[in-house]
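The sequence shown: position 34 = 35 (the numbering used here), numbered continuously.
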Amino acid sequence: MTPLLIFCLSVANLILASPAASGHCSSNNNHLDPASKKFVSDCSEQTFCSGTDIANSTCVPRQCRRDEFPFGFSLGEALPPLCPDGTFCPDEGSGCRPLVPPGNPCELNRDEQCGPPPSWKYLASTQNFNGSICLRSICMYANVTLGDRCITDNTTYLDIGPNGQQIANTVTRGNCQSQLYCNPTELLCEHTLPLNSPCQVDPECTSFNCATGRCANPPETPLRIPAWQCALTSTFIVVVMVMIFGFLTLTHKQHRLDRSRELREYYYQQIGLRRSLIALHVAAVDRYTGEKNVG
């Protein structure tokens, strides 16, 4: 799929998703965007397609929402309610429904639609929802143990990069327990790999981040600076500050000495000039007195 075709499909989806709340629709047109996997229908973001006639229904206001801040609503606009515990809101927002038991259908990557297992506290992790997971659109428990058969699910998301190139991001998930991953070749649960181990996909790593062929810390990991680096940096800063203070002190002292020398030279010049004026005045008076006595 070319970038131009993806762009055209996105524009078409936006056009199809913008009828008025009371417009006609068909639930047969409900689907997921092939690139972003976003739910798309004939109705706007604030409505869903409802009616007994599937091919000729009506867009009505959504009855629930799954996100705290749902897309498509303006600031200050009334929002549909969140679903209480034990229920979920489907992608279309047609109303809260009970959690789905294992083995029943669920919507793509909607783990929260699945009911939790009895031991959900032991099985819960960042890769599932209370020990339940939606793989291949079927609810199941993430409880497969080491060496047992497992199921994987690959979802590819497409996007357009800053230079117009197509970017594909494939997310792989499985139903193994925490600290295990489903080997895509043998379909068996294996231990996740520690940091700096060779890897191919993110689920292989305990950190769930495979970067440049090796397990690495996830991007959100806080940067921890060793104590010796802090001490060395602090010492360097103090030394630099002392050097700057000493340089400024010496420079100021030199300026004061230069100013004192200029003032002393100016003082001596003024004294010499005053003496010259006095001597000139005395000589003039003596000459005037001598000429007066002669006359």
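Cβ coordinates follow ideal geometry from the N, Cα and C atoms, glycine included.
Review point. Between residue 124 and residue 131, what straight-line distance do the alpha-carbon atoms span, to the nearest angstrom?
Key: Numbered from 1 along the sequence shown, position 123 holds the residue referred to as residue 124. Numbered from 1 along the sequence shown, position 130 holds the residue referred to as residue 131. Each residue's Cα considered, the two are about 7 angstroms apart.
Practice item. At 3 residues or longer, and completely inside the region 93-139: list those beta strand (DSSP E) runs for me, N to C. Key: Taking 3 residues as the shortest admissible run, the region 93-139 contains the following complete beta strand (DSSP E) segments, listed from N- to C-terminal end: 133-136.
Practice item. Tell me where the beta strand (DSSP E) around residue 167 begins and ends. Key: Residue 167 sits at position 166 when you count from the first residue of the sequence shown. Note, residue 167: beta strand (DSSP E), 167-175.
Review point. Nearest CA to the CA of residue 108: which residue from 223, 40 and 275?
Key: Numbered from its first residue, the sequence shown carries residue 108 at position 107. If we check each option's Cα against that of residue 108, 40 comes out closest.
Review point. If you draw a straight line from the C-alpha of residue 35 to the C-alpha of residue 158, how long is it?
Key: In the sequence shown, counting from the first residue as 1, residue 35 sits at position 34. In the sequence shown, counting from the first residue as 1, residue 158 sits at position 157. Cα to Cα, residue 35 sits roughly 8 angstroms from residue 158.
Review point. Does the Cβ of residue 150 have 16 or more other Cβ atoms within 10 Å, making it buried, or fewer, making it exposed?
Key: Taking the first residue of the sequence shown as 1, we reach residue 150 at position 149. Result: exposed.
**Study point:** One or two residues paired with residue 183 in a DSSP bridge
**Key:** Here residue 183 refers to the residue found at position 182 of the sequence shown. Its beta-bridge partners are 190.
**Study point:** Simplified DSSP assignment, three categories, for residue 161
**Key:** Looking up residue 161 in the sequence shown gives position 160. Under the three-state reduction of DSSP, residue 161 is assigned to strand.
Point to revise | residue 197 to residue 217 span [Cα, whole Å] | key: The residue labelled residue 197 in the question sits at position 196 within the sequence shown. The residue labelled residue 217 in the question sits at position 216 within the sequence shown. C-alpha of residue 197 to C-alpha of residue 217: approximately 6 angstroms in a straight line.
Review point. When you compare only the Cα positions, how much space is there between residue 89 and residue 112?
Key: Working through the sequence shown from its first residue, we reach residue 89 at position 88. Working through the sequence shown from its first residue, we reach residue 112 at position 111. For residue 89 and residue 112, the gap between their C-alpha atoms comes out near 10 angstroms.
Practice item. With DSSP collapsed to three states, give me the class of residue 199. Key: For this step, residue 199 is matched to residue 198 along the sequence shown. Assignment of residue 199 by DSSP, reduced to helix, strand and coil, places it in the strand class.
Check your understanding: When the Cβ atoms of the region 205-217 are set against those of the region 225-233, are three or more pairs found closer than 8 angstroms?
Key -> Between the region 205-217 and the region 225-233, the count of Cβ pairs shorter than 8 angstroms is below three; the stretches do not touch.
Check your understanding: In its own chain, which residues sit with a C-beta less than 7 angstroms from the C-beta of residue 148, not counting the 5 before and 5 after it?
Key -> Here the question's residue 148 lines up with position 147 in the sequence shown. Cβ neighbours of residue 148 beyond the five flanking positions: 189 and 190.
Check your understanding: What is the DSSP secondary structure of residue 281, counted as helix, strand or coil?
Key -> The residue given as residue 281 occupies position 280 in the sequence shown. Correct three-state label for residue 281: helix.
Practice item. Determine the direct distance from the alpha carbon of residue 67 to that of residue 92, and round the result to whole angstroms. Key: Stepping through the sequence shown from its first residue, residue 92 is reached at position 91. Stepping through the sequence shown from its first residue, residue 67 is reached at position 66. Spanning the two alpha carbons is a distance of roughly 8 angstroms.
Check your understanding: If you run the structure through DSSP and keep just helix, strand and coil, what is residue 72?
Key -> Within the sequence shown, residue 72 is the residue found at index 71, counting from 1. Coil at residue 72, not helix or strand.
Point to revise | Backbone CA spacing between residue 46 and residue 237 [nearest angstrom] | key: Mapped onto the sequence shown, residue 46 falls at position 45. Mapped onto the sequence shown, residue 237 falls at position 236. Linking residue 46 to residue 237 through their CA atoms gives a straight-line distance of about 57 angstroms.
Point to revise | When 114, 78, 142 and 164 are compared against residue 177, the one with the closest alpha-carbon | key: Here residue 177 corresponds to residue number 176 of the sequence shown, with the count starting at 1. Of the listed residues, the one whose Cα sits closest to residue 177 is 142.
Exercise for review: Identify which residue in 99, 170, 152 and 44 has its Cα closest to the Cα of residue 160.
Suggested key: Here residue 160 is taken as the residue at index 159 of the sequence shown, counted from 1. For residue 160, the nearest C-alpha among the options comes from 170.
Practice item. Would you list the one or two residues that DSSP bridges to residue 25? Key: The sequence position of residue 25 within the sequence shown is 24, counting from 1. Paired residue(s): 59.
Check your understanding: Using a Cβ-Cβ cut-off of 6 angstroms (strictly less than) and excluding sequence neighbours within five positions of residue 137, which residues of its own chain qualify?
Key -> Residue mapping note: residue 137 aligns to position 136 of the sequence shown, counting from 1. Answer for residue 137: 154, listed in chain order.
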